[in-house]
Each structure stands twice: as C-alpha cells, then as structure tokens.
C-alpha cells in the first residue's frame, strides 16, 4: 500500500518525494544554479502543513495535466500558503495525480515570468512566483511533504507542499538570483511530441510531456551566451 494508518506515510511516500526532489534539481542544473539539499526538519514541517490543507476540504482544482490538454494556464490559488510574507522560507503548493507539478512550475512558470509584471494575470503572477522560488540561486535547502487529499482514496488526488530556504523572491535581489534571463526565450520554442513519453515518469523538466528536451537545448544555450554577447557588443561598437 502507498498509505496506511492515520497520517502515517510509508514506502510510496518516499518514492514521490524523491521524484519531486529530482525534478527540482534537474531544473536547477538546467539553470546552472546549485542543487537543493533536503532538510528532514523542513520536510516534516511541509508534511504537517499538507495534512492541515487536507482538512480544509478545498474543492478539486483543475490539474496541471488537464490544463495542458485544454491549452489553458492554471494554478491552485485556493490553497493558502502558510506565511504570505515568506520571511523564513518560500513555499509552493499544488494538487496532483500525476507527479508533474515541478515540471509545470518550470515551464508555465517561466513563460509567466517572461511576461512584464504589470501585464500578468493573477494566475500568471502565481506561476511566475513559483518559477522564481524553484530557480532562486541563494535558496539552497528544500523541504517536501505530500498527503492524499482524501486519506480513504490512496489512488486519488494528492496535495504537495514544498518549502525553500533561505526564502526567495526578495525585492532588489532578482538580478543576482535569477541569472541568464535569456533562457526565457527557450519557452517560446515550438513543442514536439516525445515518442518515449508513454514509457517515462513525467517528474521533471527534463522528461517527457511533449516538449523539446530541456537540458539539451538549455545546455547549448549556456555555451552560446558568451558568443551571443560578444557579437552584440561588436554590432553596437
């Protein structure tokens, strides 16, 4: 069983948590920032908050995979964060069945982040914040917790809470923490179908889900940045 007893995670719990950590760190490698190190204490706190969110009986949200199928952009705004000021840690929350939250934050979040702030919708602002939380260079520690939305339905929807420390999205610190914003151009590239998507776990920005291969293109882009900047300087001079 994936879940047993009252608020008692078992083996399946650690599998999903490990996938979430892997997805974060693949994204961090793509953006050439240090990988997260998990804090057991922060993960325990995230789990406790996930338990609390499950008690709120929040109506089912449009899942990220459903939004992708409908060609719309959504976020799970009904879930309250534990600290709106994000003084001690940053926090991302989602409801899921497929373990694809981090991928969505990485791609739709980046697309939202590239929109001028004054033009973003409430959903786009939320996704942009989630993207910058997972990308923030000086955030080095992560805590991950999840729980079934309905503990009697182990195969149903789940609630994921992820915390990052030190807290990100600090005014005046974006330039040094969200580096290489040129990467945002990547997310305007046309998508393609991944023939192996059905044989993979869609648990990170580098896997499946019908898009071009993120690590390959972004790695090439990193290598090309110095040349692009040199050419730009030559043209302007």
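Residue numbers (UniProt numbering): 1 to 237.
Even for Gly, the Cβ is constructed at its ideal location relative to N, Cα and C.
None of the values given here were measured: they were computed from a predicted structure.
Judged by their CB atoms, residue 160 and residue 101 are nearer to each other than the 8 Å cut-off. Annotation: residue 87 is outside any alpha helix (DSSP H) and is labelled neither H nor E by DSSP. Its Cα nearest to that of residue 163, the residue 145 stands out among 145, 30, 177, 98. For a cut-off of 8 Å, the C-beta gap from residue 157 to residue 60 is around 7 Å, short enough to register as a contact. The beta carbon of residue 128 is closer than 7 Å to those of 109, 112, 113, 120 in its chain, skipping five residues each way along the sequence. Counting along the chain, residue 107 sits inside the alpha helix (DSSP H) bounded by residues 101-113. If you look at residue 123, you'll find it in the alpha helix (DSSP H) that goes 122-135.
Residue pairing from DSSP places residue 37 in a beta bridge opposite 141. Taking C-beta separations shorter than 8 Å and ignoring five residues to either side along the sequence, the partners of residue 137 in its chain run 33, 34, 176, 177, 178, 179, following chain order. Closest option to residue 28, judged by alpha-carbon separation, among 152, 18, 140, 166: 140. In summary, residue 17 is buried, with 16 or more beta-carbon neighbours lying within 10 Å of its beta-carbon over all protein chains present. In the DSSP assignment, the residues bridged to residue 158 are 96, 148. Here residue 51 carries a helix assignment [DSSP, helix/strand/coil].
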